[in-house]
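Since the structure comes first, as C-alpha cells, the remarks are kept for the end.
Protein chains: 2
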Amino acid sequence: MKKILIVLCCLAMANGLFAQQALFNSSSVVSPETNPDGSVTFRLYYPKAVTVQVSGDFLPQKKVHVNFGGRSMAIDVTGSADMKEDTAGVWSYTSDPLDPELYSYGFIVNGMKYPDPSNIYRNRDVSTWTNIFIIAKSEGDKGYLYSVNKVPHGNLEKVWYASPSLKLERRMTIYTPAGYEEGKGKYPVLYLLHGAGGDENAWSELGRAAQIMDNMIANGKAKPMIVVMPNGNANTSAAPGEWSAGMYQPSLGFGGGKGPDFGKPAASMEQSFPDIVKYVESHYRVLKGQYDRAMCGLSMGGGQTFSTTMLYPSMFGYIGLFSPGLSLGKGSSGGKSFLDAMNSDSEFQTDIAALFAAKPRLYWIGIGKTDFLYSPVADLRTYLDAHGYPYEYMETDGGHIWRNWRIYLTVFAGKLFK
Amino acid sequence: MKKILIVLCCLAMANGLFAQQALFNSSSVVSPETNPDGSVTFRLYYPKAVTVQVSGDFLPQKKVHVNFGGRSMAIDVTGSADMKEDTAGVWSYTSDPLDPELYSYGFIVNGMKYPDPSNIYRNRDVSTWTNIFIIAKSEGDKGYLYSVNKVPHGNLEKVWYASPSLKLERRMTIYTPAGYEEGKGKYPVLYLLHGAGGDENAWSELGRAAQIMDNMIANGKAKPMIVVMPNGNANTSAAPGEWSAGMYQPSLGFGGGKGPDFGKPAASMEQSFPDIVKYVESHYRVLKGQYDRAMCGLSMGGGQTFSTTMLYPSMFGYIGLFSPGLSLGKGSSGGKSFLDAMNSDSEFQTDIAALFAAKPRLYWIGIGKTDFLYSPVADLRTYLDAHGYPYEYMETDGGHIWRNWRIYLTVFAGKLFK
Chain A
74 MKKILIVLCC
84 LAMANGLFAQ
94 QALFNSSSVV
104 SPETNPDGSV
114 TFRLYYPKAV
124 TVQVSGDFLP
134 QKKVHVNFGG
144 RSMAIDVTGS
154 ADMKEDTAGV
164 WSYTSDPLDP
174 ELYSYGFIVN
184 GMKYPDPSNI
194 YRNRDVSTWT
204 NIFIIAKSEG
214 DKGYLYSVNK
224 VPHGNLEKVW
234 YASPSLKLER
244 RMTIYTPAGY
254 EEGKGKYPVL
264 YLLHGAGGDE
274 NAWSELGRAA
284 QIMDNMIANG
294 KAKPMIVVMP
304 NGNANTSAAP
314 GEWSAGMYQP
324 SLGFGGGKGP
334 DFGKPAASME
344 QSFPDIVKYV
354 ESHYRVLKGQ
364 YDRAMCGLSM
374 GGGQTFSTTM
384 LYPSMFGYIG
394 LFSPGLSLGK
404 GSSGGKSFLD
414 AMNSDSEFQT
424 DIAALFAAKP
434 RLYWIGIGKT
444 DFLYSPVADL
454 RTYLDAHGYP
464 YEYMETDGGH
474 IWRNWRIYLT
484 VFAGKLFK
Chain B
74 MKKILIVLCC
84 LAMANGLFAQ
94 QALFNSSSVV
104 SPETNPDGSV
114 TFRLYYPKAV
124 TVQVSGDFLP
134 QKKVHVNFGG
144 RSMAIDVTGS
154 ADMKEDTAGV
164 WSYTSDPLDP
174 ELYSYGFIVN
184 GMKYPDPSNI
194 YRNRDVSTWT
204 NIFIIAKSEG
214 DKGYLYSVNK
224 VPHGNLEKVW
234 YASPSLKLER
244 RMTIYTPAGY
254 EEGKGKYPVL
264 YLLHGAGGDE
274 NAWSELGRAA
284 QIMDNMIANG
294 KAKPMIVVMP
304 NGNANTSAAP
314 GEWSAGMYQP
324 SLGFGGGKGP
334 DFGKPAASME
344 QSFPDIVKYV
354 ESHYRVLKGQ
364 YDRAMCGLSM
374 GGGQTFSTTM
384 LYPSMFGYIG
394 LFSPGLSLGK
404 GSSGGKSFLD
414 AMNSDSEFQT
424 DIAALFAAKP
434 RLYWIGIGKT
444 DFLYSPVADL
454 RTYLDAHGYP
464 YEYMETDGGH
474 IWRNWRIYLT
484 VFAGKLFK
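Line by line, the protein sequences are chains A and B. With the first sequence counted from 1, adding 73 to any position gets you the numbering used here. With the second sequence counted from 1, adding 73 to any position gets you the numbering used here.
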C-alpha cells in the first residue's frame with residue numbers, strides 16, 4: 074500500500090508539475106460546485122489578480138458594440154459577473170439556482186480569458202475552448218438527457234471512408250445504439266450535420282449526441298437508430314489535426330484571423346452525399362428505404378440538408394433544418410430577400426416541388442427567436458405555406474447556439490422512424 | 074458569396090465572443106510557429122502582464138524542492154524560459170532548433186499557468202491540460218510517426234462491453250487497421266494498457282497510438298493488427314465524464330487533492346482481463362492463438378501486464394513492460410528490495426516459471442535512466458538473468474514520461490507477430 078502511494082505520488086510529480094506552485098494550490102479548490110439549491114459556486118485561486126470575473130451562458134447576455142469592416146454593430150455577448158477574493162487568494166462567485174442545462178463558462182482575470190483549472194471538462198468550438206458543466210434535476214430533463222446515465226450505451230466510432238466525388242479519404246463519426254453489436258436486426262439511420270467551423274467531432278462533443286440518443290432510446294423516447302455524423306467541409310478530410318494537413322488553427326476568417334485555405338473541393342458536400350450513404354449502407358446493418366433515412370443539420374449543415382434533400386428528393390423520409398443557413402446555390406441573391414429569391418428561381422421551385430412530391434414524412438424546421446438567420450427561415454415558411462408544402466416548426470428562445478441545437482436534436486429524433 | 078461571409082462572421086460572433094476583446098486580439102497572434110531552422114516561436118498577446126514565461130518539455134528540466142509529508146524532496150520539473158514583450162503587448166520566445174518529437178508546453182503569466190490561446194491542440198493528463206505541438210523532419214522520425222500523414226488510416230472505436238467479473242459495463246478504445254473494414258482476413262491483437270490516473274482514452278490521445286500504428290503499418294514497420302486499449306481502473310466503467318459517475322475531477326491524491334472514491338472493485342483488473350479478450354475475440358475478426366496476442370502497458374499498466382501474464386501464462390505470446398510499476402500482489406514488501414521480495418516469494422517463483430515455460434516469443438522491458446521505478450526494474454532484470462529467462466531490454470534517457478512510452482510502443486509494436 075505504501076509502495077502504491079509512493080508510485081501514485083511520483084506519477085503526479087512526473088505528469089503534473091507543469092507550473093509547480095500554481096498546480097499545488099489550484100488543485101485544492103473545487104470548481105464548479107453545484108449547491109443543494111441548484112446554484113453553482115465557481116472558485117479560482119489567483120492571489121495576485123486585480124479583477125476576476127466569471128463569464129458564462131448562465132448569466133444574462135450583454136450588448137457590446139464592435140467595429141466590423143468600418144461598420145459599428147451591436148451584438149449580444151456572453152454575460153459576466155464579478156468574483157470576490159477571500160483572504161486566502163481564492164476568488165468565488167455563486168450563481169442563482171440554475172435550470173437543467175449544459176452550460177459553458179470561463180474566467181476573466183485582469184481582462185484576459187482564463188480557463189477554470191479545477192475543471193477538466195472543456196469543449197472546443199472552432200478555435201475557442203470553454204469549460205462546461207451540467208445541471209440535471211430529474212429524469213428526462215435537459216441536463217439528464219445530456220448526461221451519461223445508468224442506461225445501456227451505444228458505441229462511437231471514428232471511421233475513414235472513400236469519397237470518390239470529393240477525391241478524398243474522409244472521416245466521420247458513427248453512433249451505433251446499445252444492442253447493435255449483439256443483435257442481428259437492421260436499423261434506420263439519421264445523418265446529422267454540423268455547422269461552419271465544425272467537424273465530424275462537433276455533434277458528439279458539443280452536441281452530446283451519443284448521450285442524447287442513449288438516454289432517449291433507453292427511455293423509449295426515440296427508436297434505436299444509427300447516427301452518422303460526417304465532416305461537412307468538402308475540402309477537408311477530417312477535423313483539425315486528424316488528417317494530413319497538420320495541426321492548423323481553424324478559423325472563420327473573423328477578427329483578422331487567417332484560416333488555412335485548402336482550395337476548392339472536387340464537388341459540393343451535397344453532390345458527394347451519396348458516397349456517405351453508400352459507405353454506411355454497405356458497412357452497417359441498416360434499413361435502406363426512404364423512410365429509414367433521416368437527414369438534419371445545424372446552420373451550414375441545415376443549409377446542406379435543405380439542398381441535399383432537394384438534389385436527391387426520394388433519398389430521405391425525414392428532414393430537419395436546425396437554424397439553417399439557407400441559400401439557393403446560385404451565389405449572391407443580389408440584395409433580394411430570400412422570399413423574393415425563391416419566388417424568382419424556377420429551378421428551386423421545380424426542385425422543392427419534386428422533394429415534396431416524394432412525400433417526406435417530416436419536414437421539420439427549428440430556429441431561435443433572436444437567431445440572425447431568423448428572417449430567411451421565416452421567408453422559407455412563407456413559401457412553404459403558400460405552396461401547401463407540409464412542415465413542422467419549432468421556435469425557441471435565444472439565438473444561434475448549441476443550446477438550441479441540442480433541443481432540436483431531441484425533438485427531431487423523437488419523431489423519427491415511427 | 075457575400076451572404077456566406079456574413080453567415081460565417083455572425084457564426085463567429087455567436088460562438089466565439091466569450092471574452093470579447095481578448096479573443097479579437099489573441100486570434101491575430103500565431104503560436105506556436107515552427108521556423109525553417111526547426112526552432113519554434115511562441116507568442117502571447119497579454120499587454121498587462123508583468124512576467125510571462127513559456128514552460129515546456131523542450132527546455133531543460135529544473136530541480137525544485139517540495140515539502141511532501143514533512144519531508145523535503147528535490148524533484149525535476151518542466152523547464153521554463155522568460156518571454157519578452159514588444160510594444161504591441163505581444164510576448165514571445167524562440168526556442169533552439171528542436172529534434173523531431175511531440176512536445177508539451179504552456180505559458181506562465183505572473184506566476185500562474187496560462188494555456189496558449191492560439192493553439193487549440195491540447196492534451197489532458199489526469200487533471201492537467203497542456204498545449205502540444207509536433208516537430209517532424211523526415212519520414213520515419215518520431216515526429217512523423219506521431220503525425221497524421223497521407224497514409225491509409227485505421228478506425229478508432231469507443232466500445233462498451235460487459236465485464237462479468239467486475240460486475241460493470243465498461244468502455245474501451247479499439248483501433249482496427251486500414252483495410253479491416255473492407256477485408257475478410259483475421260488479425261492479431263495487441264492489448265495496450267495505460268498508467269495510474271489514465272483511462273481508455275490515454276493511449277489514443279497522449280500516446281498517439283492510432284497515428285503510430287497507421288504510420289508503422291503503412292511503412293511496413295509493423296504488421297497490421299488490432300489494438301485494444303481498455304480502461305485499467307477496475308472500479309470505474311470509463312474515463313471521467315464518460316460513465317454514470319458524472320463529471321468528477323480525477324486526482325492522484327497528491328497535494329491535497331481529493332479524488333473520487335468508487336470503492337473496492339469486484340475483482341482485480343488482472344482477474345478480469347479474460348472478459349476483455351472474450352469480447353474482442355467474439356466481436357472482431359481476430360486470430361486467437363497465444364502468438365496472435367500481445368499485451369503491454371505503461372507504469373501501472375506495465376505492472377498489470379507483469380501480473381496478468383503470470384496469472385494466464387499461455388494467453389499472450391508477446392509481453393511488454395513499459396516503465397512498469399511492479400508488485401507481487403501481496404501488499405507491502407516491508408522495506409525489502411524488490412529483488413529480495415522476488416527471492417522470498419515462492420508463489421511468484423512458480424508463476425514466473427510457468428510463464429516462461431509457456432514460451433512467450435518476447436518478454437520486453439523498457440525504462441528511462443532517471444525513472445523513479447528504475448531500481449525495481451533493475452531487480453527484475455537481475456532475477457530474470459539469474460534464472461535464464463530470456464527478455465529484451467531498452468533503456469532510454471529521461472524518466473517516467475509519455476515521450477518514453479511512445480518510443481517503447483514503436484519499438485515493441487515493430488517486434489510483434491513476425
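Where a beta carbon is used, it is the ideal one built from N, C-alpha and C, also for glycine.
{"query": "Assuming residue 125 of chain A contacts residue 154 of chain A under a Cβ cut-off of 8 angstroms, what Cβ separation, rounded to an integer in Å, is found between them?", "result": "So it is not a contact: roughly 10 angstroms between Cβ atoms."}
{"query": "What does residue 232 of chain A reach in chain B if we use C-beta pairs closer than 7 angstroms?", "result": "228"}
{"query": "Name, please, each residue of chain B whose Cβ falls closer than 9 angstroms to the Cβ of residue 317 of chain A.", "result": "220, 221, 222, 223 and 224"}
{"query": "Give the residues of chain B in contact with residue 207 of chain A, contact being defined as C-beta atoms less than 9 angstroms apart.", "result": "319 and 320"}
{"query": "Could one say the Cβ of residue 197 of chain A lies closer than 7 angstroms to chain B's Cβ atoms, at least one of them?", "result": "yes"}
{"query": "Quick one: grab the DSSP three-state call for residue 493 of chain B.", "result": "Limits of chain B in this structure are 74 at one end and 491 at the other, which puts residue 493 of chain B out of reach."}
{"query": "Would you check if there are 3 or more beta carbon pairs closer than 8 angstroms linking the stretch 432-450 of chain A to the stretch 466-476 of chain A?", "result": "yes"}
{"query": "Quick one: complete alpha helix (DSSP H) runs, 4+ long, within the stretch 195-277 of chain B?", "result": "215-219"}
{"query": "For chain B, is any of its Cβ atoms less than 7 angstroms away from the one on residue 194 of chain A?", "result": "yes"}
{"query": "Any beta carbon from chain B within less than 7 angstroms of residue 477 of chain A's own beta carbon?", "result": "no"}
{"query": "Using a C-beta cutoff of 7 angstroms, does residue 314 of chain B count as contacting chain A?", "result": "yes"}
{"query": "Using 10 angstroms around the beta-carbon of residue 116 of chain B, count the other beta-carbons present and answer buried if the total reaches 16, otherwise exposed.", "result": "buried"}
{"query": "Count the other CB atoms within 10 Å of the CB of residue 146 of chain B; is the residue buried (16 or more) or exposed (fewer)?", "result": "exposed"}
{"query": "Just checking, does the stretch 225-244 of chain B make contact with the stretch 230-243 of chain A on the three C-beta pairs under 8 angstroms criterion?", "result": "yes"}
{"query": "In chain order, what are the residue ranges of uninterrupted beta strand (DSSP E) at least 3 long that sit wholly in the stretch 403-477 of chain A?", "result": "435-441 and 465-469"}
{"query": "Give the straight-line distance between the Cα atoms of residue 368 of chain B and residue 426 of chain A, rounded to the nearest whole angstrom.", "result": "59 angstroms"}
{"query": "Compute the Euclidean distance between the alpha carbons of residue 202 of chain B and residue 402 of chain A, then round it to the nearest angstrom.", "result": "42 angstroms"}
{"query": "Would you kindly work out how many angstroms separate the C-alpha atoms of residue 105 of chain B and residue 183 of chain A, rounded to a whole number?", "result": "24 angstroms"}
{"query": "What three-state label does DSSP hand residue 126 of chain B in the structure shown?", "result": "strand"}
{"query": "Against chain A, does residue 482 of chain B count as a neighbour if the rule is that its beta carbon must be under 7 angstroms from one of theirs?", "result": "no"}
{"query": "First and last residue of the beta strand (DSSP E) that includes residue 121 of chain B?", "result": "Careful: residue 121 of chain B lies outside any beta strand (DSSP E) and carries neither H nor E."}
{"query": "Tell me, please, whether the stretch 128-137 of chain A touches the stretch 188-201 of chain A by the rule of three or more beta-carbon pairs shorter than 8 angstroms.", "result": "no"}
{"query": "Starting from residue 389 of chain A, trace the alpha helix (DSSP H) in both directions and tell me its first and last residue.", "result": "Looking at the DSSP string, residue 389 of chain A is not in any alpha helix (DSSP H), and its letter there is neither H nor E."}
{"query": "Suppose you measure from the CA of residue 320 of chain A to the CA of residue 313 of chain A; what does that come to, to the nearest Å?", "result": "6 angstroms"}
{"query": "Can you pull the chain B neighbours of residue 356 of chain A, defined as C-beta to C-beta under 7 angstroms?", "result": "254"}
{"query": "Any chance you could list the beta strand (DSSP E) runs of at least 3 consecutive residues sitting entirely within the stretch 132-192 of chain B, in chain order?", "result": "135-141, 144-150, 152-155, 163-167, 174-182 and 185-187"}
{"query": "Could you check how far apart the C-beta atoms of residue 297 of chain A and residue 273 of chain A are, in whole angstroms? I think they sit under 8 angstroms.", "result": "The Cβ separation is near 22 angstroms, so there is no contact."}
{"query": "Can you tell me which of B:206, B:118, B:205 and B:292 puts its alpha carbon nearest to the alpha carbon of residue 165 of chain B?", "result": "B:118"}
{"query": "Identify the contact partners of residue 447 of chain B in chain A, using a Cβ-Cβ distance below 8 angstroms as the criterion.", "result": "In chain order: nothing, as chain A lies at least about 11 angstroms away."}
{"query": "Do three or more CB pairs link the stretch 238-246 of chain B to the stretch 333-346 of chain A at distances below 8 angstroms?", "result": "no"}
{"query": "Check the C-beta distance from residue 452 of chain A over to residue 412 of chain A and give it rounded, since I have them as a contact under 8 angstroms.", "result": "4 angstroms"}
{"query": "Which one or two residues does DSSP pair with residue 303 of chain A in a beta bridge?", "result": "A:245"}
{"query": "Specify the secondary structure class of residue 335 of chain B as computed by DSSP and reduced to three states.", "result": "coil"}
{"query": "Residue 417 of chain A: beta carbon under 6 angstroms from a heavy atom of the ligand SAM?", "result": "With respect to the ligand SAM, the structure offers nothing, as it holds no ligand at all."}
{"query": "Roughly how far, in whole angstroms, is the beta-carbon of residue 366 of chain B from the beta-carbon of residue 346 of chain B, given that I think they are within contact range, below 8 angstroms?", "result": "Incorrect: roughly 11 angstroms between the Cβ atoms, too far for contact."}
{"query": "For residue 456 of chain B and residue 437 of chain B, which I take to be in contact (beta-carbon distance under 8 angstroms), what is that distance rounded to the nearest angstrom?", "result": "About 16 angstroms separates the two Cβ atoms, so there is no contact after all."}
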